[in-house]
Structures are given as structure tokens and as C-alpha cells.
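Notes follow once the structure below has been shown.
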Amino acid sequence: MTKTLLLLPGDGIGPEVTAQSRRLVGWLNANAGLDVSVCEARFGGAAIDADGVPLTPETLALAKASDAVLMGAVGGPQWAKQSYDKRPEAGLLALRAGMEVFANLRPALCFAALADASSLKREFVEGLDIMFVRELTGGVYFGEPRGISDLGNGERRGVNTQVYTSSEIRRVARVAFELAAKRTGRVCSAEKSNVMESGLLWREEVQALRDAEYPHIDLSHMLADNTAMQLVKYPKQFDVILTDNLFGDILSDEAAMLTGSLGMLPSAALGVKGMPGLYEPIHGSAPDIAGKGLANPCASILSLALALRYSLDRGDLADRVEKAVATALDRGARTGDIGGTLGTVAMGDAVLAALAG
């Protein structure tokens with residue numbers, strides 16, 4: 001049965017890197033037994049310019065009807081002064097909420113060929129393999145009240161609200177425990193239970209779920225600021241890191257640089273079983289290099305691999321794509337962000353050549 005993949009190229013370098021993933025889908029369809037139909041829609045700033053909003057109801061409906069959604073990137077300085085609901089980033093939050101994806105998987109994997117590109121010494125990062133599980137649709141990014149108000153005395157006030165419920169915490173913790181069971185069986189839960197009630201609830205609920213349903217999982221708790229320090233001090237102590245929306249956003253970006261480049265790291269956003277997943281590179285829209293053919297497409301290609309594994313029922317092809325990226329790197333293929341001179345298309349060519357054997 002044919003599966004459907006929706007591409008949302010978005011803004012900046014998004015269309016360039018997504019195009020390379022589309023090439024891989026075409027190759028896999030023609031040569032590896034994949035049966036995936038690809039369609040495309042406007043999203044983010046591109047949709048604002050054409051449709052007046054970052055996410056149209058039609059695009060959201062198309063996303064929910066697909067088997068998987070692969071996004072490029074959103075945002076750029078030309079939309080920065082728009083009202084909040086008209087910014088590209090608001091479209092991304094609305095897409096996540098509309099698709100009901102709540103668990104963000106962000107692997108921080110250091111390829112052997114790139115260990116020297118890390119900001120840390122090789123011995124600290126070679127073999128690094130951390131999986132972040134970030135809660136994606138709750139917390140301070142979605143809590144109410146929020147906004148900026150004029151207090152009338154020359155002062156202005158900005159408010160954001162951090163809110164979590166037991167069910168929100170438990171469902172994402174369950175994802176982390178299930179993943180850990182297939183890895184080394186270790187989960188570190190990061191929060192700020194010492195100063196935030198939401199963090200205290202997080203710690204209590206995660207521990208209670210582990211005790212009740214996952215006694216075989218080795219669970220530890222760590223304050224988020226200490227987690228940030230430990231990621232730099234000795235990152236290989238971690239396997240699965242479970243955390244909330246805000247801290248997950250920050251910590252996973254920190255870990256990304258340990259691996260050598262944001263341009264190498266994918267992510268997956270998953271909801272209830274049977275619903276489509278949302279896949280995207282961790283990197284942003286990089287407007288400074290947009291349209292120049294310089295962007296690293298590997299994070300998009302590896303996001304496609306995650307889609308093959310978690311939404312398109314082709315874990316075998318996910319393994320092949322990931323191996324092809326590693327092989328291309330071993331052969332010396334590099335874009336500028338990882339110390340090379342290849343452009344976006346040439347890097348895509350290198351991965352395709354490795355995939356073809």
C-alpha cells in the first residue's frame with residue numbers, strides 16, 4: 001500500500017535541503033522497493049507571503065492525512081516584526097499542536113569522521129549517542145496567560161506561563177522509557193524541581209511511572225542547569241535524556257554542537273500510535289546562506305531516515321540511509337559547516353552514491 005509523505009520546505013535553506021531528501025525518496029522508490037507518494041505545500045514565511053498566514057487550514061488537513069511530514073526550516077528577518085500569530089514560528093507551533101505530536105526525539109550522534117569537528121576533544125565525543133526526548137506541546141511555549149502588556153506608567157510587562165499536567169508528563173515519559181528499553185536502559189530526567197513547581201510535579205510523575213511500570217529502567221534525576229554543565233564535562237555519561245519543552249529546546253541544541261554541526265542532526269515529533277509523525281532538521285533557516293547552495297542537507301536526509309523508521313514502516317531503509325550518510329563522510333564528503341567545500345547538491349550526490357553502493 002502506498003504511503004504518503006508531505007514536504008513542507010518552508011523558508012531560508014529549507015527548500016534546498018528538502019530537495020535532497022526528495023531525491024533520496026525518488027531513488028528508494030525506483031531502486032529499493034519503497035512505495036511512497038510525495039506531495040508539497042507552502043509553510044512558514046512562504047505561506048505568509050502567499051496566503052497571509054504561516055499555516056493554512058488546508059495544509060494542516062493535508063499534514064494530518066499524510067503518513068509522515070518532512071519539514072525544511074521556518075523563519076527569517078523579513079517576518080520578525082509581524083504580530084506573533086503571523087510569524088513563521090507560530091505556524092510551526094500550530095502544526096505541532098494540530099498534529100498532536102507531543103514527543104520530540106532529537107538524537108545527538110557523533111559520526112566517527114566528524115569527531116575532530118566538535119568543540120570538545122575527540123575522546124569526549126567519539127562514539128557519542130544521546131537521545132533527547134523533549135515534551136513538545138506543553139510548557140511555557142503554550143501556557144496561558146502570555147503576552148506583552150502596557151502597565152500605564154511607562155512600564156511594560158512580558159508574561160509567559162509554564163504549565164504541565166500529570167498526563168502530559170506521563171505520556172512523554174513513557175516514550176523515553178520505551179526507547180531506553182531498546183538502548184542501554186538508562187534515562188536521565190532533567191528539570192528545575194528546586195525552584196519550579198512544574199519541575200517538582202515533573203520529577204514526581206516521572207518517578208511514579210517508572211516505579212509502577214518500568215522498574216527495569218535505571219532512572220536518574222538532574223537539575224537542568226547541571227545537565228547543561230555535564231553535557232560539556234562528560235557527555236558520554238548520558239543515554240536517554242527526558243525533559244520539558246523549554247529545557248529540551250536548549251539542551252538538545254547544546255548537545256548538537258558537541259557532535260560537530262547543527263547541520264548533521266535530525267529530529268522526530270511523534271504522537272499517538274498510528275498518527276503521522278513530523279520530521280525536521282534541528283538547524284534553522286540560515287538566511288545568511290539561503291539560496292547559495294551551501295547548506296548541509298544531511299540533517300534533512302537523516303530526518304527522512306527517522307520518518308522511514310517511525311512512520312513509513314521501513315526501518316531497513318532507514319538503516320541504509322543512515323549508513324550511506326556515514327559512508328559519504330568516511331569518504332571525505334563535507335559541506336562548509338563541517339570543514340569541507342561541497343555544496344548542497346554535491347553532498348546529496350555523495351550520499352546517493354554511497355546509497356547505491
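Going left to right, the sequence shown walks through residues 1 to 357 as UniProt numbering numbers them.
Beta carbons: idealized from backbone N, C-alpha and C, even for Gly.
How about residue i and residue j: do their beta carbons lie closer than 7 angstroms?
i	j	result
A41	S311	no
A176	V240	yes
A117	G339	yes
G348	Q20	yes
V53	V38	no
L219	M99	no
G199	E191	yes
A326	F111	yes
S300	T18	yes
V140	L242	no
P276	L128	no
L209	M131	no
K3	V36	yes
A97	T137	yes
E16	T227	no
W27	L352	yes
With a cut-off of 8 angstroms on the beta carbons, I'd call residue i and residue j a contact; round off their distance for me.
i	j	result
F43	M71	7 angstroms
V321	L304	6 angstroms
T335	L302	T335 to L302, Cβ: 14 angstroms. No contact.
E135	F102	6 angstroms
A324	L355	4 angstroms
Run through DSSP, which three-state label would residue i get?
i	result
M131	strand
T165	coil
G45	helix
P57	helix
C39	strand
L265	coil
M222	strand
E191	strand
S21	helix
T149	Looking at the sequence shown, residue 149 is not Thr but Ser. Three-state result, S149: strand.
I13	coil
E144	strand
N29	helix
T227	helix
P235	helix
L7	strand
A333	coil
Y279	strand
M347	helix
R309	helix
N245	helix
L352	helix
R186	strand
By Cβ distance below 8 angstroms, which residues in the same chain neighbour residue i in space, the five residues on each side in sequence not counted?
i	result
A201	The sequence given here places Leu at residue 201; Ala does not occur at that position. Cβ neighbours of L201 beyond the five flanking positions: Y164, S166, I169.
S119	M257, L258
H216	A181, G185
L62	L6, C39, A41
A115	R122, V125, E126, G260
A350	A328, R331, A333, L342
E213	R174, F177
M196	Q162
N29	D35, V36
Here's a check: name, in chain order, each residue in its chain whose Cβ is nearer than 7 angstroms to the Cβ of residue i, leaving out the five neighbours to either side.
i	result
L151	R157
residue 359	Because the chain spans 1 through 357 in this model, residue 359 falls outside it and cannot be assessed.
N194	L223
E144	T161
V159	P145, R146, G147
residue 400	The requested residue 400 does not occur in the structure, where the chain is confined to residues 1 to 357.
I289	I13, A295
R309	G315, A318
D51	R42
Y84	A90
Spatial neighbours of residue i within its chain, please: CB distance less than 6 angstroms, with the 5 preceding and 5 following residues excluded, ordered by chain position.
i	result
D337	S261, G263, N296
L55	G91, A94, L95
L231	E254, A255
A346	none
S189	V206, H221, L242
R87	W79
D211	none
D244	E135, G139
R183	D239
A113	L329, D330
Cβ of residue i within 6 angstroms of any heavy atom in the ligand ADP?
i	result
R42	By its list of ligands, the structure shown contains no ligand whatsoever, and the ligand ADP lies outside what it can speak to.
Subject >> the stretch 1-18 touching the stretch 272-291, judged by at least three CB pairs closer than 8 angstroms >> reply: yes
Original post:
Any chance the stretch 260-279 sits against the stretch 98-112, with 3 or more Cβ pairs inside 8 angstroms?
Top reply: Yes, the stretch 260-279 touches the stretch 98-112.
Original post:
Between the stretch 124-131 and the stretch 249-263, do three or more beta carbon pairs fall short of 8 angstroms?
Top reply: Yes, the stretch 124-131 touches the stretch 249-263.
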